[in-house]
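**Student:** Numbering (the working numbering), first residue to last: 261 to 333. Note that the Cβ used here is the ideal one computed from N, Cα and C, for glycine as well. These numbers were taken from a predicted model, which means no experiment stands behind them. Questions regarding the structure given below will be posed in turn.
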């Protein structure tokens with residue numbers, strides 16, 4: 261289950277909670293009863309392996325350039 265971060269707009273109380281994707285977002289602060297806002301942060305992504313850029317984006321020849329040169333001949 262994912263962890264969501266919330267912060268109260270009234271009192272500033274911040275907390276994290278595990279919720280299912282099907283659960284409704286929380287709207288009331290458990291401390292003061294004020295309105296809650298869901299906090300969004302950056303997601304850490306780590307690519308591990310032999311090299312994604314080299315294997316996915318760079319080729320010795322591109323299929324689009326080889327088609328363009330073969331139609332001009």
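Please work out which residues of its chain come closer than 6 angstroms, Cβ to Cβ, to residue 263, disregarding the five sequence neighbours upstream and downstream, and give them in chain order.
**Tutor:** Counting from 1 along the chain shown, the entry for residue 263 is found at position 3. 276 and 278, listed in sequence order.
**Student:** Between residue 305 and residue 280, what straight-line distance do the alpha-carbon atoms span, to the nearest angstrom?
**Tutor:** Stepping through the chain shown from its first residue, residue 305 is reached at position 45. Stepping through the chain shown from its first residue, residue 280 is reached at position 20. Spanning the two alpha carbons is a distance of roughly 22 angstroms.
**Student:** Have a look at the DSSP bridge pairing and note the partners of residue 266.
**Tutor:** Stepping through the chain shown from its first residue, residue 266 is reached at position 6. Residue 266 pairs with 275 and 298.
**Student:** Would residue 274 and residue 265 be called neighbours here (beta carbons separated by less than 8 angstroms)?
**Tutor:** For the purposes of this step, residue 274 is taken as the residue at position 14 of the chain shown. For the purposes of this step, residue 265 is taken as the residue at position 5 of the chain shown. Yes, the pair counts as a contact, with Cβ atoms nearer than the cut-off.
**Student:** Grouping DSSP H, G and I as helix and E and B as strand, with all else coil, what is residue 305?
**Tutor:** Residue numbering aside, residue 305 sits at position 45 when the chain shown is read from its first letter. The answer is coil: DSSP assigns residue 305 none of H, G, I, E or B.
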